[in-house]
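Which chain is which? The protein sequence lines are R and W, in order.
For the first sequence, the working numbering begins at 1 and goes up steadily by one.
For the second sequence, the working numbering begins at 1 and goes up steadily by one.
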Amino acid sequence: MKEFKGRVVTPGTCTAKAVVTREGFNTLASLQKALQFGDKKATCNDQNNRDIYGEELAGNALVLPQTIGSTTGGMVLYCACAMKRQPACMLFTNHIDSLAAAGAILADVWLDDITMPVIDNLGDEFLNYVKTGMTVKVKEDGVVVVE
Amino acid sequence: MILTEKQQQMLDGKQGETLAKVMKTLVMYGEAFGAEKMIEVTSEHNHLVTSFGLKMITPVYELMDKLIESGAISKQTFSVDPRPLDKNVPANFLQNLIFNKFMYSKQDFYEGQLNKLGLMDKDAFTCTCYMDEVGNKPQKGDILSWAESSAVVYANSVLGARCNRNSGIMDIMGSIAGCVPYFGLLTDEGRKASWVVKIETTKKPEAQLLGSAIGMKVMEDVPYVIGLDKWIGEELTDEACTYLKDFGAATASNGAVGLYHIDNLTPEAKEQGESLILENAKEYVITDEELERVKNNYPVIWKDKNAKPKLCFMGCPHMSLQQLKDWTDRVEEALKKYSNKKVVIPTVFTAAPKVLEEFNKTEYAERLKKTGVITSYICPLMYMNNPLCAKMPVITSSNKLRTYTTARYYTDDEILLQITKGGN
């Protein structure tokens, strides 16, 4: 078990299984097919991301350096939240990027019953340590415990 | 964050609950990036990324309804990304059924919402809103609240405007409030380059391939590119701008680049030169071999990798008027060379409705039509999202289209060969 401390972008707590991408997470490429065709597990459909292609994203702790790609990204993330197919939390090793921030903040402000804690600045050590399948616990103050 | 009295009143709900949420969204967005203040949006028009009436984005329509019903309408008019449907583009009965009944069944409804929110005009659907024919070209130094990654990177880099890589929905929030949080690419410091990219190729690098390589390497950082002026010149001619349009779209979609500087060419690089480069900037050298490596690394996800292409898309982002003319010449010459009268693969060239309108006034339009190439204002990406289209072997020279869909990437020369001669 190891603890890491990051910065809280949107608050909340959760415990979930980690799904880890070491490459940038392309939100549109990853989620659009799943949302469009009713995949409740939100299976990652980004052919270019060998780390998480085919992995279930809904309800899991998405560990990523940052998001990349189309500026529909935040809107797609907002829709995933509204449709309750969002990751349990998003854990950024780098500073959050503008598209992911937009999606998380829009969901936080405009949706009433959605919680998706978002923590950033968790650092490279966190990314090196956590592996897909490990259990992570997110605390209110931005502490992430990897079990 | 320090707000003006007017901004604080908006946040406090003095102008209604919806506008308070709009301002709260912008404040939280700014706080995530350490912004200490808001800055006024100064461009004449806005540009939105969400153009498609996709059934799945019901939450967006609900949010737009809230804005409309509460009168939270921007003072700016806006252009928006391309429409997802066009009858000119080949599609069979089942594909059309999925397009019209399952995917884009909310298109008319959503366009109604866009009209209420301030759409510039009925033809303002394109990802290249900055084309002269379209009329949404910001001035140098303008502050924007745009989204659409390819338009943002073009506006920042080629036009010298200032815009962060805003997301869909966030784009309209800044426009409604009339201000955006001051951080990132809006600031002088945020526009400095943390990468130096040296072009050491033996020939002009393919725009879409070079952009892809740089995007994947630098991700969201700002690259300062040295040596490209040797191949595309030191003036922002039509040809150079077209190159940078395609190059930039690839940097933005294959990575997350919002601004690049081209030594001796783009406005800030011309003014400030290498003083734009941060200390300890990282270096990336582009050689012929590196571009070949990047290209060979693209996954091909066609079920049958040797399938004969059934469709070719050119124009993601939308083609310029000059590009349409140049490609007319190239297709004609190649068809003549290979003794064909029409293209051997159904081929669609996409451009903004107003660019197509101008193109159709020229003699090139009839000549292109004779080659069998179809012109359209469609968004190829939205077409390829149809699962039945995604199963088709589609080829493209767009690295953006390759990234988001099953379309297979080829260089411009390879595409020309395929559509005029045939073969994989």
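By construction, the Cβ of each residue, glycine as well, lies at the ideal position given by its N, Cα and C atoms.
Host beta strand (DSSP E) of W:Cys425 (start-end): There is no way to answer for residue 425 of chain W, as the model of chain W reaches only from 1 to 424.
Boundaries of the alpha helix (DSSP H) in which W:Asn296 is found, first to last residue: Stepping through the second sequence from its first residue, residue 296 of chain W is reached at position 296. It spans 288-296 - the alpha helix (DSSP H) in which W:Asn296 sits, taken as one unbroken run.
Pick from W:Pro299, W:Cys312, W:Pro317 that is closest to W:Cys389, judged by C-alpha positions: For the purposes of this step, residue 389 of chain W is taken as residue 389 along the second sequence, with counting starting at 1. Ranking W:Pro299, W:Cys312, W:Pro317 by CA distance to the CA of W:Cys389 puts W:Cys312 first.
Residue-level contact to chain R via CB, W:Thr350, 9 angstroms cutoff: The residue you call residue 350 of chain W lines up with position 350 of the second sequence. Under the Cβ criterion of 9 angstroms, W:Thr350 is not counted among the residues facing chain R.
Buried or exposed (CB count within 10 angstroms, at least 16 for buried), W:Thr237: As a first step, residue 237 of chain W is located in the second sequence; it is residue number 237 there, counting from the start. Here W:Thr237 is exposed. Its C-beta has fewer than 16 other C-beta atoms within 10 Å.
For W:Asn92, the three-state DSSP class (helix, strand or coil): What you label residue 92 of chain W is simply residue 92 of the second sequence in a count that begins at 1. Assignment of W:Asn92 by DSSP, reduced to helix, strand and coil, places it in the coil class.
Residue from R:Gln66, R:Pro87, R:Thr71 whose Cα sits closest to the Cα of R:Asn121: As a first step, residue 121 of chain R must be located in the first sequence, where it is residue number 121. Checking every option, the nearest Cα to that of R:Asn121 belongs to R:Gln66.
C-beta contact flag for W:Ala213 and W:Ile277 at 9 angstroms: For the purposes of this step, residue 213 of chain W is identified with residue 213 of the second sequence, where counting begins at 1. For the purposes of this step, residue 277 of chain W is identified with residue 277 of the second sequence, where counting begins at 1. Going by C-beta atoms, W:Ala213 is not nearer than 9 angstroms to W:Ile277.
Residues sharing a beta bridge with R:Arg7, DSSP: In the first sequence, the residue the question calls residue 7 of chain R occupies position 7. Note: R:Arg7 is bridge-paired with R:Asp120 in the DSSP secondary-structure output.
Candidates W:Gly174, W:Phe102, W:Val294, W:Pro299: closest to W:Tyr404 by CA position: In the second sequence, the residue the question calls residue 404 of chain W occupies position 404. Ranked by Cα distance from W:Tyr404, the first of W:Gly174, W:Phe102, W:Val294, W:Pro299 is W:Pro299.
CB contact below 9 angstroms: R:Lys33 versus chain W: One-based indexing of the first sequence puts residue 33 of chain R at position 33. Residue contact with chain W for R:Lys33: present (Cβ-Cβ distance below 9 angstroms to some residue of chain W).
Interfacial residues, the segment 145-163 of chain W to chain R, with Cβ spacing under 7 angstroms: The residues in question are Ala147, Glu148, Ser149, Val152.
Classification of W:Gly273 by the beta-carbon crowding that lies within 10 angstroms, buried from 16 upward: Residue mapping note: residue 273 of chain W aligns to position 273 of the second sequence, counting from 1. W:Gly273 sits exposed, since fewer than 16 C-beta atoms from the chains shown fall within 10 Å of its C-beta.
Neighbouring residues, chain R, relative to W:Leu63 (Cβ below 7 angstroms): Position 63 of the second sequence, counting from 1, holds the residue named residue 63 of chain W. Within chain R, the C-beta atoms nearer than 7 angstroms to that of W:Leu63 come from Trp110, in chain order.
Residues near W:Ala155 by beta carbon distance below 7 angstroms, same chain, minus five either side: Here residue 155 of chain W corresponds to residue number 155 of the second sequence, with the count starting at 1. Within the same chain, W:Ala155 has close Cβ partners Tyr130, Pro138, Leu144, Trp146, Ala161, Cys163.
Residue-chain proximity (R:Asp97, chain W), Cβ-Cβ < 9 angstroms: As a working mapping, residue 97 of chain R is identified with position 97 in the first sequence. Chain W contact via Cβ: present.
N-terminal and C-terminal residue of the alpha helix (DSSP H) that W:Ile419 is part of: In the second sequence, residue 419 of chain W corresponds to position 419, counting from 1. Its alpha helix (DSSP H) spans residues 412-420.
Contact set between the segment 44-68 of chain R and chain W, restricted to residues whose Cβ is under 7 angstroms from the partner: Residues of the segment 44-68 of chain R with a Cβ closer than 7 angstroms to any Cβ of chain W, in chain order: Gln47, Asn48, Gln66, Ile68.
Neighbouring residues, chain R, relative to W:Gly53 (Cβ below 8 angstroms): Within the second sequence, the letter at position 53 stands for residue 53 of chain W. Simply none; closest approach about 13 angstroms.
Contact set between W:Ala193 and chain R, taken where Cβ atoms lie within less than 7 angstroms: What you label residue 193 of chain W is simply residue 193 of the second sequence in a count that begins at 1. Chain order gives no chain R residues near W:Ala193, where near means a beta carbon separation below 7 angstroms; the closest approach is about 18 angstroms.
Interface partners of R:Ala82 on chain W, CB under 7 angstroms: The residue given as residue 82 of chain R occupies position 82 in the first sequence. Simply Pro59.
Assigned exposure category for W:Gln8 - 16 Cβ within 10 Å defines buried: What you label residue 8 of chain W is simply residue 8 of the second sequence in a count that begins at 1. Exposed: under 16 other Cβ atoms inside 10 Å.
Opening and closing residue of the beta strand (DSSP E) in which W:Thr347 lies: Taking the second sequence and counting its residues from 1, one reaches residue 347 of chain W at position 347. Per DSSP, W:Thr347 belongs to the beta strand (DSSP E) from 347-351.
Backbone CA spacing between R:Gly12 and W:Val22 [nearest angstrom]: The residue given as residue 12 of chain R occupies position 12 in the first sequence. The residue given as residue 22 of chain W occupies position 22 in the second sequence. Taking the straight line from one Cα to the other gives about 22 angstroms.
Per-residue burial, W:Lys369 [other beta carbons within 10 Å of its own, 16 or more giving buried]: As a working mapping, residue 369 of chain W is identified with position 369 in the second sequence. Exposed.
Local conformation of R:Ile105 per DSSP, three classes: Within the first sequence, residue 105 of chain R is the residue found at index 105, counting from 1. The three-state secondary structure of R:Ile105, taken from DSSP, is helix.
Cβ pair W:Ala91, W:Phe99 closer than 9 angstroms: As a position in the second sequence, residue 91 of chain W is number 91, starting the count at 1. As a position in the second sequence, residue 99 of chain W is number 99, starting the count at 1. Closer than 9 angstroms, so yes.
C-beta neighbour in chain R for W:Gly135, strict 9 angstroms: For the purposes of this step, residue 135 of chain W is taken as residue 135 along the second sequence, with counting starting at 1. It does not: the Cβ of W:Gly135 has no partner Cβ on chain R nearer than 9 angstroms.
Residue-chain proximity (R:Ala42, chain W), Cβ-Cβ < 9 angstroms: Start at 1 with the first residue of the first sequence, and residue 42 of chain R comes out as number 42. Not one chain W Cβ lies under 9 angstroms of R:Ala42.
W:Ser43 versus W:Asn136, W:Met56, W:Asp12, W:Tyr29, residue with shortest Cα-Cα distance: Position 43 of the second sequence, counted from the first residue, corresponds to residue 43 of chain W. Measuring from the Cα of W:Ser43, the nearest candidate turns out to be W:Asn136.
Within chain R, the residues that W:Ser253 reaches when beta carbons sit closer than 7 angstroms: Walking along the second sequence from the start, residue 253 of chain W turns up at place 253. At a beta-carbon threshold of 7 angstroms, the residues of chain R lying near W:Ser253 are Gly69, Ser70, ordered along the chain.
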